[in-house]
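Numbering of the sequence shown is given in the numbering used here, commencing with residue 384 and proceeding in unit increments. Quick reminder that beta carbons are idealized off the backbone N, C-alpha and C, glycines included. The structure under discussion appears below in the form of structure tokens.
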Amino acid sequence: MGWKRALVLAGAGLVCVVVLVITALQGGQAPGRRSSVAAPTSRVAAEQHTGSTAPPSTGAPRPADTVTPPSSTTPPPAVEVAGVEVTRPPDPPPAPEAAACPSAGGESTVEALLNGHRSVRCENGLGDVALDPAMSEHAQFHAERLLAAGACASLFHSSELPEWYGAGYWGENAGCVAWSHGCWSDTDYLMNGWMNSDEHRPNILNPEFHWIGIGIACDGQHTYFVVQFRS
Numbered sequence: 384m385g386w387k388r389a390l391v392l393a394g395a396g397l398v399c400v401v402v403l404v405i406t407a408l409q410g411g412q413a414p415g416r417r418s419s420v421a422a423p424t425s426r427v428a429a430e431q432h433t434g435s436t437a438p439p440s441t442g443a444p445r446p447a448d449t450v451t452p453p454s455s456t457t458p459p460p461a462v463e464v465a466g467v468e469v470t471r472p473p474d475p476p477p478a479p480e481a482a483a484c485p486s487a488g489g490e491s492t493v494e495a496l497l498n499g500h501r502s503v504r505c506e507n508g509l510g511d512v513a514l515d516p517a518m519s520e521h522a523q524f525h526a527e528r529l530l531a532a533g534a535c536a537s538l539f540h541s542s543e544l545p546e547w548y549g550a551g552y553w554g555e556n557a558g559c560v561a562w563s564h565g566c567w568s569d570t571d572y573l574m575n576g577w578m579n580s581d582e583h584r585p586n587i588l589n590p591e592f593h594w595i596g597i598g599i600a601c602d603g604q605h606t607y608f609v610v611q612f613r614s
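This is how it looks when you write it as structure tokens:
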């Protein structure tokens, strides 16, 4: 049996940059000979200046230039290559492994029930919850009230919930296990029952809840469990 209520308040191998500086050939390149240097890119070409400025004309006819083809021993044009080594940044550190979800169970029934809630929420990608002692006092009060009323077959909720937790989100789950062999302590059994209930599961998996209080009361044959939640 579950019940909840929400009150919202006005609320970037080695990288090598190669710069080619092509020495300008005075008088131009001989016709019929291909340069051994790869053509520069359009940006470099735009920045290059090749050839020489023609002398001013005197008005007299100028004999045609005689160009002697270069012999096989003619050295190629000088090419200067400047290399700039860019240091590669170090690899980023490996991402930390996700923390394992807390295990269910504990040294006491209260601790086991708390860890049961924490484990289920973690497995569903929700934030953790912690035990609030003041809330546990309220939950214990109600568990003993249910016990006194013999309400195992007719559970009811705390009427003081709006007063205790009105300024935020809150909820409560209650359960009773009747067993003739004594007080019940198998919290996995209880959590499975609540998780399979359309009324109780929303409280356990509510992302707004960060705190819980736990109360347990037993008369030897009936064990009452009360878990209260708040934001």
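S541 counts as buried, since no fewer than 16 other beta carbons sit within 10 angstroms of its beta carbon. Contact between I599 and F612 does not hold, since the beta-carbon distance rounds to 16 Å and is not under 8 Å.
With a minimum length of 3 residues, there is no unbroken run of beta strand (DSSP E) contained wholly in the region 513-544.
According to DSSP, residue pairing for I595 in a beta bridge involves L514 and F612. In this structure, the beta-carbon distance from L509 to W594 does not fall below 9 Å. Distance from the CA of L573 to the CA of Q523, rounded to the nearest whole angstrom, comes to 17 Å. Straight through space, the alpha carbons of P473 and E520 are spaced by roughly 55 Å.
The beta carbon of R584 lies closer than 6 Å to those of M578 in the same chain, with the five residues before and after it left out. Put simply, of C484, S502, I587 and E527 the residue whose alpha carbon is nearest the alpha carbon of W553 is I587.
In the DSSP annotation of this structure, E555 is not part of any alpha helix (DSSP H); the continuous beta strand (DSSP E) holding it starts and ends at Y552 to A561.
Residues of the same chain with a CB within less than 7 Å of the CB of H525, apart from the 5 flanking positions on each side, are S541, G598 and V609 in chain order. Across the structure, F539 and A557 are spaced so that their CA atoms are roughly 8 Å apart. Taking the Cα positions, G565 is about 15 Å away from C535.
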